[in-house]
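K.L.:
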Amino acid sequence: MNWSAADASQFMNSEDDEDYSPQGSATVTTTIRQSNGVSVNSSPQKSVQIVDTRNYSNQPSVNARAALVMDAQTGEVLYSKNSNTALPIASITKLMTAVVTADARLNMSEEITLQQIDFAGAGGKNSSSTLKVGDTMNRAEMLLVALMKSENPAAAALARTYPGGRPAFVAAMNAKARQLGMTSTHYYESTGLDPRNVASARDLGILVSTAYQYGLIRQFSTTPHYDFNLGYRVLKSNNTNALVRNGGWNINISKTGYINEAGRCVVMHAVVNNRPAAVVLLGASSTQARNNDATELFSWLSHQPKRI
1 MNWSAADASQ FMNSEDDEDY SPQGSATVTT TIRQSNGVSV NSSPQKSVQI VDTRNYSNQP
61 SVNARAALVM DAQTGEVLYS KNSNTALPIA SITKLMTAVV TADARLNMSE EITLQQIDFA
121 GAGGKNSSST LKVGDTMNRA EMLLVALMKS ENPAAAALAR TYPGGRPAFV AAMNAKARQL
181 GMTSTHYYES TGLDPRNVAS ARDLGILVST AYQYGLIRQF STTPHYDFNL GYRVLKSNNT
241 NALVRNGGWN INISKTGYIN EAGRCVVMHA VVNNRPAAVV LLGASSTQAR NNDATELFSW
301 LSHQPKRI
């Protein structure tokens with residue numbers, strides 16, 4: 001499937017404007033028309049409350065510095081490790097970048113051309129990328145490449161082209177975090193390169209459950225492969241999460257992250273044993289350790305009762 005301007009516009013703008021709340025706070029009714037023409041209704045957006053019970057036995061051991069498994073419907077904590085500690089979150093940041101972009105209801109068909117400033121990086125880090133200055137995509141594809149391939153210049157360009165520019169975008173990220181009750185979270189920029197972008201695993205459980213309510217983010221973050229036609233070349237891209245590429249689990253939201261200060265991170269929403277769950281791993285020592293942790297938690301969850 002290729003995301004044409006028409007597809008992207010239809011995908012984002014098929015909501016009934018009467019039912020739309022720009023802040024995404026109480027009632028957002030979204031109808032997504034996929035490329036096959038089938039309409040998919042997402043549930044109205046609701047606030048997420050976390051209930052810490054941890055009444056589950058045989059708790060697994062994980063390599064990650066912090067972890068959370070939360071029932072995404074009830075907010076019940078099923079597994080927790082250092083889940084209230086604010087840590088650098090690297091490109092997990094881009095999940096909030098996607099939420100703010102979606103909330104703004106901008107024209108997803110608008111063409112965005114990458115500028116030199118989008119490659120400047122943040123936090124003293126360079127923004128390595130297979131993208132180049134002058135590459136042009138519509139906003140939908142810019143969001144897609146930011147979520148599935150974690151391209152930093154794309155996330156930077158989304159902030160730059162937001163009404164009011166980057167300062168307004170970062171302000172909207174922090175306002176959304178406060179609105180959702182993400183009390184340990186702070187954002188300085190939209191890519192995750194800045195290690196001052198921090199959140200707790202608990203906060204990210206809230207963010208994952210919120211992001212699940214956006215059909216666009218569900219689809220884009222779990223696209224396994226995509227070929228971006230840039231006109232003069234085709235950029236063949238794979239999802240940064242091997243668990244998404246391999247297709248062994250029912251994963252609906254995915255975002256990976258890595259900078260030195262954060263270690264290997266991942267957040268996911270998945271349905272395991274008929275239970276929707278948010279899974280957060282921060283600060284794993286390697287990509288393999290992160291994948292092993294996630295598989296261990298999924299396997300453990302698959303043997304738990306659906307409800308207490």
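Every letter in the sequence shown is one number past the one before it in UniProt numbering, and letter 177, counting from 1, is 177.
No residue lacks a Cβ here, since even glycine has one placed at the ideal position from N, Cα and C.
(1) For Gln213, count the other beta carbons within 10 Å of its own beta carbon; 16 or more makes it buried, fewer makes it exposed. Which is it?
(2) Assuming Leu87 contacts Gly283 under a Cβ cut-off of 8 Å, what Cβ separation, rounded to an integer in Å, is found between them?
(3) Comparing alpha-carbon positions, which option in Leu230, Ser299, Phe228, Arg233 lies nearest Trp249?
(4) Is DSSP giving Lys125 helix, strand or coil here?
(5) Give the C-beta separation of Met108 and Arg65 to the nearest angstrom, bearing in mind that I take them to be a contact with Cβ-Cβ under 8 Å.
(6) With H, G and I counted as helix, E and B as strand and the rest as coil, what does DSSP make of Ser43?
(7) Within the chosen definition, does the segment 72-80 reach the segment 260-278 through at least 3 CB pairs nearer than 8 Å?
(8) Is it buried or exposed for His303, if we count other Cβ within 10 angstroms and need 16 for buried?
(9) Classify Leu143 as helix, strand or coil using the three-state DSSP reduction.
(10) Which residue or residues does DSSP assign as beta-bridge partners of His303?
(11) Name, in chain order, the residues that DSSP records as bridge partners for Met96.
(12) If you follow the alpha helix (DSSP H) that Phe169 is in, where does it begin and where does it stop?
(13) Roughly how far, in whole angstroms, is the beta-carbon of Asn152 from the beta-carbon of Leu193, given that I think they are within contact range, below 8 Å?
(14) How big is the Cα-Cα spacing for Leu143 and Leu95?
(15) Label Lys132 either buried or exposed according to how many other C-beta atoms from any shown protein chain fall within 10 Å of its C-beta, with 16 as the threshold for buried.
(16) According to DSSP, simplified to helix, strand and coil, what is Gly215?
(17) Quick check on Ala270: does DSSP put it in helix, strand or coil?
(18) Helix, strand or coil, according to DSSP, for Ala159 in the structure here?
(19) Roughly how many angstroms separate the alpha carbons of Glu111 and Ile251, rounded to a whole number?
(20) Using CA atoms only, rank isn't needed, just tell me which of Ser254, Ser61, His269, Arg218 is closest to Ala242.
(21) Apply the 10 Å Cβ neighbour rule to Ile117 and answer buried if 16 or more other Cβ atoms are within range, or exposed otherwise.
(22) How about Thr161 and Leu235: do their beta carbons lie closer than 8 Å?
(23) Alpha carbon to alpha carbon, what distance is there between Ser91 and Val62?
(24) Is Thr240 helix, strand or coil when you go by DSSP?
(25) Measuring straight from C-alpha to C-alpha, what distance separates Gly121 and Ser127?
(26) To which residues of the same chain is Ala146 closer than 6 Å at the C-beta, ignoring the five residues directly before and after it?
(27) Taking Gln115 as the reference, give the member of Thr85, Val170, Asp135, Gly215 with the closest Cα.
P.N.:
Looking at the atomic coordinates:
(1) Buried, by the Cβ-count rule.
(2) Between Leu87 and Gly283 a beta carbon distance of about 6 Å is seen, short of the 8 Å cut, so the two are scored as contacting.
(3) Nearest C-alpha to Trp249: Ser299.
(4) In the structure shown, Lys125 sits in a strand (DSSP, three-state: E or B).
(5) Actually they are not in contact, since the Cβ atoms of Met108 and Arg65 sit about 36 Å apart, beyond 8 Å.
(6) Note on Ser43: pLDDT 39, under 50, position unreliable in the model; the coordinate value appears next. It is coil, neither helix nor strand.
(7) Segments in contact, yes.
(8) Of the other Cβ atoms in all chains shown, fewer than 16 fall within 10 Å of the Cβ of His303; this residue is therefore exposed.
(9) In the structure shown, Leu143 sits in a helix (DSSP, three-state: H, G or I).
(10) Under DSSP, His303 takes part in no beta bridge, so it has no partner.
(11) Note: Met96 sits in no beta bridge, so no partner.
(12) Looking at the DSSP string, the run of the alpha helix (DSSP H) that includes Phe169 is 165-180.
(13) Rounded, the Cβ-Cβ distance is 6 Å, consistent with contact.
(14) Rounded to whole angstroms, the gap between the alpha carbons of Leu143 and Leu95 is 10 Å.
(15) Its Cβ having fewer than 16 others within 10 Å, Lys132 is exposed.
(16) DSSP places Gly215 in helix when its eight states are reduced to three.
(17) Strand at Ala270.
(18) Helix, per DSSP.
(19) CA-CA distance, Glu111 to Ile251, rounds to 30 Å.
(20) The option with the nearest alpha carbon to Ala242 is Ser254.
(21) Ile117 counts as exposed, since fewer than 16 other beta carbons sit within 10 angstroms of its beta carbon.
(22) When the beta-carbon positions are compared, Thr161 and Leu235 stay at least 8 Å from each other.
(23) Between Val62 and Ser91, the alpha-carbon positions lie close to 21 Å from each other.
(24) Of the three classes helix, strand and coil, the one that applies to Thr240 here is coil, per DSSP.
(25) So the alpha carbons of these two residues sit roughly 4 Å apart.
(26) So the qualifying residues of the chain are Lys94, Ala154, Ala155.
(27) The shortest C-alpha separation from Gln115 is found at Asp135.
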